[in-house]
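Structure first, commentary second.
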Amino acid sequence: MSILPQIVFLIIFAIAGYFLYKRVAYLKRNILLGKSESRNDQPEARWKTMLLVALGQQKMFKRLIPAILHIMIYVAFIVINLEVLEFVIDGLTGSHRIFAPYLGSIYGLAMNVFEVLAIAVLISCIAFLIRRNVLKVPRLVKTELKGWPAMDANLILIIEIVLMVAILTMNATDQLLAERGVEGYVLLNGLFFSDMMQPLFAGLGDTTLVAIERFAWWFHIIGILAFAIYVTYSKHLHIFLAFPNTWYSNLKPKGEIENMPDVTREVNMMLGIPVEDAEAPPAEIARFGAKDINDLSWVNIMNAYSCTECGRCTAECPANITGKKLSPRKIMMDVRDRAEEVGKSIDQGGAGLGDGKSLLGDYITKEELNACTSCNACVEACPVNIDPLSIIIQMRRYVAMEESSTPAQWNAMFQNMETSFSPWKFAPTDRFNWAEQLKNEELK
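According to numbering that gives the first Met the number 0, the sequence shown is numbered sequentially starting from 0.
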């Protein structure tokens with residue numbers, strides 16, 4: 000028996016592994032362009048969050064129909080990949096259905112389960128294509144999805160359909176050859192869905208069937224390897240990043256906005272509030288807030304690469320609903336696009352972060368930042384716990400503290416809070432006058 004197919008498979012597998020390794024290293028480097036941040040506290044809570052939100056798809060079920068469609072693809076992705084293990088072993092050893100002799104009737108049952116899931120994927124992908132291109136669900140046709148993002152979403156669905164058809168075609172021709180007693184093919188005593196496809200191929204000769212079966216096998220495994228690489232360039236990177244992203248979720252109470260520790264320390268010292276290391280010289284703060292991606296934390300950038308572009312955040316955003324320019328989804332896409340721009344520049348020996356551009360201004364406008372109400376609706380809506388609000392607040396801090404270019408109404412409020420300790424312009428000693436007035440009225 001020729002070992003040429005094994006050699007070809009090994010070469011393809013090695014090439015795919017090399018490109019996947021290079022891309023993963025590239026993504027890791029881009030994510031680490033952000034500032035360091037430690038989020039390893041509360042490990043039990045983090046495991047629970049990851050298992051419920053990433054593995055259990057907990058937050059998907061706020062919208063039932065897309066949740067059911069998504070869970071079918073998700074389960075199929077996990078289970079059918081077990082068959083990919085057999086594909087790899089067969090490709091490396093030159094065997095065919097290597098697990099069949101060891102598993103007996105269980106193998107045939109497993110193949111039927113895989114086919115049921117393949118049909119579920121076909122149904123789900125077609126439904127998703129209809130939702131995007133026929134029904135045009137509003138959150139899936141927003142301005143920020145024009146061009147490549149829309150094409151990417153459709154392309155991945157079409158690829159999944161083609162890969163599932165390849166599995167069913169391979170099984171149908173494989174079982175026809177097994178029924179004819181062709182050497183090397185294992186009869187599985189009935190595969191429900193692929194058996195229904197057999198009449199399409201029944202009139203073909205053995206040589207033609209072998210060619211179709213082998214083509215479908217090679218097409219599927221090469222397609223899986225290509226898909227694994229393509230995903231790293233796509234919004235579907237969330238398939239893998241959802242797990243670390245939910246692990247590193249912000250576990251603080253919703254609505255708690257993180258202060259800048261160095262600023263808090265200086266303010267406390269000015270107010271006479273005891274602080275640790277009061278005699279230590281004040282820390283030098285490179286920048287208040289965030290202007291570019293290197294001012295954000297690595298968790299913020301990982302959030303951006305984990306974005307599914309589903310638009311649930313934007314659909315729940317009160318600013319966006321009322322016609323404001325802000326779209327939390329666009330914020331995350333902009334952070335990712337800026338990280339990609341900087342990463343490519345570094346790889347090409349360019350200026351990287353010193354290219355004269357920045358996240359603020361070139362990607363995200365002040366109008367978008369100012370429209371945010373800090374309500375946390377986007378964070379609550381995200382199915383993988385992405386936090387657009389953290390990025391918005393950090394960038395707004397830069398605008399306020401570094402550029403002093405916040406709206407005039409805001410500046411008046413800031414001044415009142417600094418001098419009167421409230422947003423309104425009256426002395427702190429007059430704060431409870433209303434209570435005295437109310438008491439006097441009651442006594443009358």
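Virtual Cβ for every residue (Gly too), placed ideally from N, Cα, C.
Out of the options, point me to the one whose CA is closest to residue i's CA.
| i | options | result |
| --- | --- | --- |
| N299 | R396, D429, S35 | S35 |
| F214 | P422, V164, Y106 | V164 |
| E114 | L26, M169, A285, M332 | M169 |
| A285 | D261, E85, M301, N132 | D261 |
| T206 | E182, L224, Q347, L190 | E182 |
| N80 | T405, G271, A434, L224 | L224 |
| V78 | N410, V120, W297 | V120 |
| S404 | E275, L437, G360, K438 | G360 |
| M259 | S296, A370, K234, V230 | S296 |
| W216 | A370, E82, G348 | E82 |
In whole angstroms, what separates the C-alpha of residue i from that of residue j?
| i | j | result |
| --- | --- | --- |
| I30 | N293 | 10 Å |
| Q393 | K21 | 31 Å |
| M71 | L116 | 7 Å |
| K135 | D429 | 56 Å |
| I11 | G202 | 33 Å |
| P252 | M150 | 38 Å |
| M412 | P317 | 22 Å |
| M301 | L240 | 8 Å |
| P137 | L32 | 34 Å |
| V23 | L128 | 29 Å |
| R62 | C124 | 17 Å |
| M196 | I160 | 16 Å |
| K324 | I64 | 28 Å |
| L187 | Q174 | 7 Å |
| D291 | I122 | 42 Å |
| W147 | E265 | 47 Å |
| L139 | I320 | 14 Å |
| E444 | E366 | The chain is shown from 0 up to 443; residue 444 falls before or after that span and cannot be answered. |
| E440 | F425 | 22 Å |
| A15 | A350 | 30 Å |
| P42 | N249 | 12 Å |
| Q408 | C374 | 20 Å |
| V274 | T263 | 10 Å |
For residue i, does the three-state DSSP call read helix, strand or coil?
| i | result |
| --- | --- |
| S521 | A question about residue 521 goes unanswered here, because the residues of the chain that appear run from 0 up to 443. |
| K343 | helix |
| K21 | helix |
| K34 | strand |
| I11 | helix |
| I122 | helix |
| I390 | helix |
| I97 | coil |
| I256 | coil |
| I363 | strand |
| I2 | coil |
| Y229 | helix |
| Y73 | helix |
| R286 | coil |
| P382 | coil |
| I450 | What is shown of the chain runs 0 to 443, which leaves residue 450 out entirely. |
| W433 | helix |
| Q56 | coil |
| G351 | helix |
| G183 | coil |
| T263 | helix |
Please go through the same chain and pick out, in chain order, the residues whose beta-carbon is closer than 7 Å to the beta-carbon of residue i, but skip the five residues on each side of it.
| i | result |
| --- | --- |
| L91 | Q5, F8, L9 |
| K141 | G310, T313, S326 |
| E315 | A376, C377, A380 |
| F98 | E85, Y106 |
| F192 | E114, I118, L167 |
| M400 | F287, G288 |
| I155 | S233, H235 |
Within a Cβ cutoff of 8 Å, which residues of the same chain sit near residue i, ignoring the five residues on either side of it in sequence?
| i | result |
| --- | --- |
| D336 | Y362 |
| S421 | N415, P427, R430 |
| Q56 | A66, H69, I70, Y73, P382 |
| L102 | A109 |
| V87 | F12, I220 |
| H237 | N244, S305, C306, T307, V383 |
If you measure between the beta carbons of residue i and residue j, is that distance less than 8 Å?
| i | j | result |
| --- | --- | --- |
| I157 | L19 | no |
| L388 | V398 | no |
| E506 | L176 | Absent from the model: residue 506. The displayed extent of the chain is 0 to 443, so no value can be given. |
| W444 | M59 | Limits of the chain in this structure are 0 at one end and 443 at the other, which puts residue 444 out of reach. |
| N153 | R130 | no |
| S344 | D333 | no |
| R395 | L368 | yes |
| F242 | A53 | yes |
| I385 | M331 | yes |
| L190 | N111 | yes |
By Cβ distance, which residues of its chain are closer than 6 Å to residue i, with the 5 residues on each side in sequence left out?
| i | result |
| --- | --- |
| L51 | Q57 |
With a threshold of 8 Å between beta carbons, is residue i in contact with chain D?
| i | result |
| --- | --- |
| M150 | The structure shown has no chain D; it contains just one protein chain. |
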